[in-house]
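Read through the structure below, which is laid out as structure tokens, and then see the notes.
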Amino acid sequence: MSRAFLLAALCAGAEGARAAEAPAAPGGAALEPKAVIAALIESSLDVARAVPVTRLNLAVDLAEVRLENGWLFPATPLAGRVVEVVFIGEGRISLVPPDATEAGQLELFTGETRLDRPFDAAVFVVASDTASAALFRRAVASAPGAAEIERASALWSRWQKSGERRVLGVDATLLADALGEALYNGAFVAWLHQEDEPPFIFQIDPAAEDAVSLGRFAPIEADEREQRRIARELRTQQKKGRGLGLELADFGEWEQWMSAPMRDATGKPLGRRTLFEP
């Protein structure tokens, strides 16, 4: 089973979503990679464009993500589209593994042969135009409270600095998608939180052999003294040109709870997609 974790495709009905219209991407306009990279670096949470959401079901391959009630906070648009969203409220994810082997793998880490868990906060990475439009569609008649805004802002800041975001290659994937690489159209990540429990991730990487993945990133366990030692060693190696871009938050291990190929509408496994066709 692959341990690779990247991104997921989101395909959903939008009934019940309430949102302001997301700005359209500039039709046919050529984008400069440097401009996209700069936009990713400068991305922030646009709390003024938060939208309420009630009973929105997102069908994501093997999983169903349900947003029962809460608020969606978009990040500033990338290439004219909202591709990252913070959710604060009540949600639930359900997933049935495709076979007994993957059910056993899931049970090994979670004690469950199928997943059915609530979450009260999440970050979604959504490159699909259809999915983004589903989340941001109707006019808004109210605004979130101060507590929701504060919590969403804190989660966004944590996500931006997290080891998960870098290990998942979110910036690289969104860059490729913004530049028109069809392989990553529809990319999605769900970083799911419930109270004080460690977050877990559901994702689909269209380029991976086992595109559908579920798991958790376990950060390295180290006291302050050990963290200082690791940071010092990392700086030494980076001066030699090794481990460039790595930070202490990147050190840890992935717990691969389940992985499987993507499936078509009939349930038949899809073959691995590639960047280059013969």
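Numbering (the numbering used here), first residue to last: 4 to 281. Cβ atoms here follow ideal geometry from the backbone N, Cα and C, with glycine treated the same way. Every value quoted in this text rests on a predicted model; they were computed, and no experiment measured them.
- With distances taken between CA atoms, Glu151 lies nearest to Phe90 out of Gly166, Ala66, Pro100, Phe90.
- Within the segment 111-196, the runs of beta strand (DSSP E) that reach at least 3 residues and sit entirely inside it are, in chain order, 118-129, 191-196.
- Just measuring C-alpha positions, the residue of Leu158, Val192, Ala185, Trp74 sitting nearest Arg219 is Val192.
- Only exposed fits Leu111, as fewer than 16 other CB atoms lie within 10 angstroms of its CB.
- When DSSP reads this structure, Met261 sits in a beta bridge with Leu217.
- Ala130 is positioned such that its CB atom lies no closer than 8 Å to that of Leu158.
- The beta carbon of Glu67 sits closer than 8 Å to the beta carbons of Asn60, Leu61, Ile96, Ser97, Leu98 from its chain, once the five residues preceding and following it are set aside; these are given in chain order.
- About 6 Å separates the beta carbon of Val86 from that of Val128, a gap short enough to meet the 8 Å contact definition.
- When rounded, the separation of the alpha-carbon atoms in Pro101 and Pro77 is 33 Å.
- When Cβ pairs closer than 8 Å are counted between the two stretches, the segment 174-189 is seen to touch the segment 208-219, the count reaching three or more.
- The secondary-structure analysis by DSSP pairs Leu81 across a beta bridge with Arg84.
- Exclusion of the five residues before and after Glu115 leaves Leu109 as the residues of its chain whose Cβ lies within less than 7 Å of its Cβ.
- Taken through DSSP and simplified to helix, strand or coil, Glu105 comes out as helix.
- For the options Arg58, Ile204, Leu195, the alpha carbon positioned closest to that of Leu171 is the one of Ile204.
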